[in-house]
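Written below as structure tokens is the structure these notes are about.
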Amino acid sequence: MSFLAISTLPLCSSSRYLPFLLHSPSVSVPKTFAICRRAMGSVDTSLHPHTSGSAARYAEAHSSPNPLILYGGWFCPFVQRSWITLHEKNIPHQYFEINPYHKDPEFLKLNPRGLVPTLAVPLDKDGKEQKPLYESLVICEYLDEVYNDPSKNGPDLLPREDAYLRAKCRIWIDHISMRIVPAFYRFMQHSDSKSYSLDEARTEFLNHIKTFIKECDPQGPFFLGERFSLVDIMLAPWLCRMFLFDVYKGGVGVPEEGKGGDDEGTWQRWRKWAKAVGERESVLDTLSERDQYVDAYRRYAEDTTQSEVAKATRSGRGLP
1 MSFLAISTLP
11 LCSSSRYLPF
21 LLHSPSVSVP
31 KTFAICRRAM
41 GSVDTSLHPH
51 TSGSAARYAE
61 AHSSPNPLIL
71 YGGWFCPFVQ
81 RSWITLHEKN
91 IPHQYFEINP
101 YHKDPEFLKL
111 NPRGLVPTLA
121 VPLDKDGKEQ
131 KPLYESLVIC
141 EYLDEVYNDP
151 SKNGPDLLPR
161 EDAYLRAKCR
171 IWIDHISMRI
181 VPAFYRFMQH
191 SDSKSYSLDE
201 ARTEFLNHIK
211 TFIKECDPQG
221 PFFLGERFSL
231 VDIMLAPWLC
241 RMFLFDVYKG
251 GVGVPEEGKG
261 GDDEGTWQRW
271 RKWAKAVGER
281 ESVLDTLSER
291 DQYVDAYRRY
301 AEDTTQSEVA
311 KATRSGRGLP
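Here the sequence shown is numbered in the UniProt record's numbering, starting from 1 and rising by one per residue.
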């Protein structure tokens, strides 16, 4: 079977996607804090400390004080889920870039575990008192539920009007979180010492993708059809990082167009979904430069990083 590099998929052909594919001037983001739960355990000190490209510009546009604060790190896909949701819902907020080298005491007062994403929710309109939320899905559902004025926040990201459809969305969000994302890391962290082969890791990942895409609305382009939803948001950050398999693992393994055999229709639908999600403004605006992701994921590819995600993957445990 011949394989198509993810970097040649249509989603990467958009001019809006170029900040992710090409080098662009770094824009530093003011005020930094703590550490990333998901992507950082024992800190990999080579990690770039700031966003860059489109994400830096979006962060700078949301750097002014606001009662609602998202604490995040550019490198963390779980943070990007929350950031995409804030963008989609047009929610005024302040973004604080997390410095992975230092746990700031003020941030630790809000969240003693120093985890990102952390959302500081104001108890009063001035934001003088705050309470924390963490876990990306929890944050995204909270934002979608609380900021629900269609004239200001657009349509719901979980279909409020249809209980069955809402439940179905949660089933496939669970599939993404419990199947696709763990398989992504098993694939990325494959080494010669593993009990499974690289081809087995690739096949597992692609099979979970196929299972997901077969449940998408047949016409698309998104999971629910024309409607962008939390299901799409939950997978978008890993879609944007799939090019790393080209860099480190000899390709992701998605068949070239017309060479998918019995699965050709499934892969056509995947390409349609990937293009629509990859070109979504909220996704593009929350991406840093491509070379930063290459650097950040090198230790995952070598299976030497000590992040909590990597350690859980290495030991066969569920992701934290």
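Note that beta-carbon positions come from the ideal geometry of N, C-alpha and C, so glycine has one too.
- Between the alpha carbons of H190 and I98 lies a gap of roughly 28 angstroms.
- I171 sits exposed, since fewer than 16 C-beta atoms from the chains shown fall within 10 Å of its C-beta.
- Contact annotation: the stretch 117-128 does not touch the stretch 306-315, with fewer than three C-beta pairs closer than 8 angstroms.
- Put simply, the stretch 135-153 does not touch the stretch 268-281. Fewer than three CB pairs are less than 8 angstroms apart.
- Going by DSSP, G265 is part of the alpha helix (DSSP H) stretching over 264-278.
- Secondary structure remark: continuous alpha helix (DSSP H) runs of at least 4 residues inside the UniProt domain "GST C-terminal" (162-297), in chain order: 163-175, 181-188, 198-213, 230-239, 243-248, 264-278, 281-284, 290-296.
- For L110, the three-state secondary structure derived from DSSP is helix.
- Beta-bridge annotation (DSSP): P122 is paired with Q130.
- In chain order, H93, Q94, Y95, F96, L119, A120, G127, Q130 place their CB closer than 8 angstroms to the CB of I69, counting only its own chain and leaving out the 5 sequence neighbours on each side.
- A straight-line Cα-Cα distance of about 31 angstroms links L157 and L108.
- The stretch 159-170 and the stretch 225-233 touch, with no fewer than 3 CB-CB distances between them shorter than 8 angstroms.
- Taking C-alpha positions only, R57 is separated from A183 by approximately 32 angstroms.
- Of the candidates P122, F223, R290, the residue whose Cα lies closest to the Cα of P67 is P122.
- Between R290 and the set F75, S63, I180, D303, the nearest pair of CA atoms involves F75.
- Under the three-state reduction of DSSP, Y147 is assigned to coil, being neither helix nor strand.
- A contact is defined here as three or more CB-CB pairs under 8 angstroms, and the stretch 142-152 fails this definition with respect to the stretch 235-243.
- Take N111, set aside five residues on each side of it, and the residues of its chain with a beta-carbon closer than 7 angstroms to its own are T118, P132, Y134, in chain order.
- Contact annotation: V231 and C169 have beta-carbon atoms nearer than 8 angstroms.
- A straight-line Cα-Cα distance of about 41 angstroms links P65 and F205.
- When L198, Y300, W270 are compared, the shortest CA-CA separation from P218 is found for W270.
- Counting C-beta atoms within 10 angstroms of its own C-beta, Q292 has 16 or more neighbours from the protein chains shown and is therefore classed as buried.
- Counting only the Cα atoms, K152 lies some 42 angstroms from Y248.
- Here A163 is exposed, its C-beta having fewer than 16 other C-beta atoms within 10 Å.
- Per DSSP, T85 is one residue of the alpha helix (DSSP H) stretching across 77-88.
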